[in-house]
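Beneath this line is the structure, given in structure tokens, with notes to follow.
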Amino acid sequence: PQVYLDCASALHTSPLACICFEDSFYGMIAAKAARMTCVVVPAAETLKLEHWSAADLKLSSLQNFGALHFNMLA
2 PQVYLDCASA LHTSPLACIC FEDSFYGMIA AKAARMTCVV VPAAETLKLE HWSAADLKLS
62 SLQNFGALHF NMLA
């Protein structure tokens, strides 16, 4: 999770205030280990796999993310 923690530090913000967008399982695990909110956008063939359940939100496309999702996660 160090890359995520370094990014939050560079932005002068708490990891708890960050929303991370990931498309990989290990990236999602790293973001969650950094205590960030994580939105996953997995490849279509892996969308239904259970291991995405650690994410705060799972989308089939980044284009589906909008103000409603942001407000829900904030």
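Note that my numbering gives residue 52 to position 51 of the sequence shown, counting from 1, and the numbers run on in steps of one.
The C-beta atom is built at its ideal place from N, Cα and C for all residues, glycine as well.
Nearest neighbour of residue i, chosen from the options [CA to CA]
i, options, result
"Y27", "A55, I20, A68, L60", "A55"
"S15", "V42, R36, L50", "R36"
"Y33", "A44, H52, S61, L48", "Position check: residue 33 holds Lys in this sequence, whereas Tyr was assumed. Nearest C-alpha to K33: H52."
"F22", "E46, A11, L74, V41", "V41"
Between the CA atoms of residue j and residue i - distance to the nearest angstrom
i, j, result
"L6", "C19", "10 Å"
"S61", "G67", "13 Å"
Assumed close pair residue i, residue j - CB separation to whole angstroms, cut-off 8 Å
i, j, result
"D57", "T38", "5 Å"
"P2", "A44", "That pair is no contact at about 22 Å."
Local conformation of residue i per DSSP, three classes
i, result
"F66", "coil"
"L74", "helix"
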